[in-house]
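Just so we're on the same page, the working numbering is the position in the sequence shown counted from 1, plus 825. For glycine and all other residues, C-beta sits at the position ideal for the given N, C-alpha and C. As the structure is a prediction and not an experimental result, all values here were calculated from the model. See structure below.
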Amino acid sequence: MAPVIDFISGGQIAMIVLGIVLIFLVVKGVRIVPQGEQWTVERFGRYVRTLEPGLGVINPLFSRVGKKINMMENVLDIPEQDVITQDNASCMVDAIVFFQVIDARRAAYEVRHLEQAVVNLALTNIRSVLGSTALDAALSSREEMNNRILRVMDEATDPWGAKITRVEIKDIAPPKDLLDAMASQMKAEREKRAQILEAEGYRAAAIQRAEGDKQSEILKAEGELVAAQRQAEARERLAQAEAEATRLVAEAIGSTGTNAVNYFIAQKYVEALSDFAKSPNQKTVFMPLEASSLIGSIGGIKELLNSVSGDDLPPPPRPRRS
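Right, dumping it as structure tokens:
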């Protein structure tokens, strides 16, 4: 052993020890910070600076790594709790909260147990917001309640260096008897709306039928009016035609028209008797007429013809005596 001791002198031993110490200090002083995290550096227990992700160097003799802060967005599951709403309805509510640390120094030194603080803050604000909201409004306006809780929590966590990015109420569970009452109310409301819609349908149908009847009556009256006008015009034209024919016959006969009128009356009278006698449904013809009336009509025709021919007609032949 003596030759080995003689070979390593005291100065060399000191250099070896110094090298070992330097290696140890380098190892202790170099820090690799993962992505998504920030580390605080403390010197004699006081915050000095923050190490960003990547390679960092500290003084291993007087400084140390204090807090390792996760800078990524975190999700917290808020435990279920019993909440009483504004209308004294009891219900079980649970939620989730999304938050992110934006200042590692404040998150490390302004609050202890940041995640537990956020959970307790969420529990109290959920209870406060639902306590000022009726149950029906809470069930129908969940998005509005989420925004109210988010604003309050974000303002409260700002001194902690954290930002609340999202609050979601997962479930609002009223008791069973209240659910049964709500179901009965909803059923009654739906039946009411169905009856209202049915009544409105009957009303609309009755109005449509009334409108249809009204339009039908109007069109029928207009049709009858037009038909009456057409019939009146036809009768007027027929009368005008008969008057014109009478005038022409009277002029042709050369009289004042009285004989012409008698002529037409006698002609129509004879035609009516002829049509009545030719009817296939009649086997016996009753004529409640005086024979003198028919003979008088024929005599009127004869006088009319005599007035037309005057002296031009030959005298009737006299009967021969045997």
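Rounded to the nearest whole angstrom, the C-alpha separation of M897 and E877 is 13 Å.
N913 carries a coil assignment under DSSP once its states are collapsed to helix, strand and coil. In this structure, F869 is the residue among D928, F869, R1055 and I927 with its C-alpha nearest to the C-alpha of S888. For G870, there is no enclosing beta strand (DSSP E), as DSSP gives it neither H nor E. Three or more Cβ pairs closer than 8 Å define a contact, and the segment 1009-1022 falls short of that threshold against the segment 946-960. Cα atoms of K1001 and L964: separation of roughly 15 Å, rounded to the nearest angstrom. If you draw a 10 Å sphere on the C-beta of T982, you find 16 or more other C-beta atoms in it, and that means buried.
The DSSP-derived three-state label of A959 is coil. Its chain contains I894, V926, L939, W985, G986 and A987 as the residues whose beta carbon lies nearer than 7 Å to that of A932, once the 5 sequence neighbours on both sides are disregarded; these appear in chain order. L1050 carries a helical assignment under DSSP once its states are collapsed to helix, strand and coil. In this structure, T875 sits near Q863, with a CB-CB distance shorter than 7 Å.
Note on geometry: alpha-carbon atoms of R930 and T865 lie some 7 Å from one another. For A920, the beta-bridge partners assigned by DSSP are I903 and I994. A distance below 7 Å separates the beta carbons of G854 and V882. In the structure shown, L1063 falls within a helical segment according to DSSP collapsed to helix, strand and coil. With a minimum length of 3 residues, the unbroken runs of beta strand (DSSP E) contained wholly in the segment 974-1018 fall at 987-998. Partner residues in the beta bridge of R889, as assigned by DSSP, are E867. Between the beta-carbon of V922 and that of L955 there is about 15 Å, and that puts the pair past the 8 Å contact cut.
In the DSSP assignment, I857 falls within the beta strand (DSSP E) that extends over V855 to V858. With fewer than 16 other Cβ atoms from the protein chains shown falling within 10 Å of its own Cβ, N972 counts as exposed. Put simply, the backbone Cα of S1041 is about 34 Å away from that of A1064.
DSSP, read as helix, strand or coil, puts I894 in strand.
Beta-carbon to beta-carbon, I951 and A914 are separated by about 15 Å, too far to satisfy the 8 Å threshold.
Bounds of the beta strand (DSSP E) holding G879 are G879 to V882. In summary, G891 is buried, with 16 or more beta-carbon neighbours lying within 10 Å of its beta-carbon over all protein chains present.
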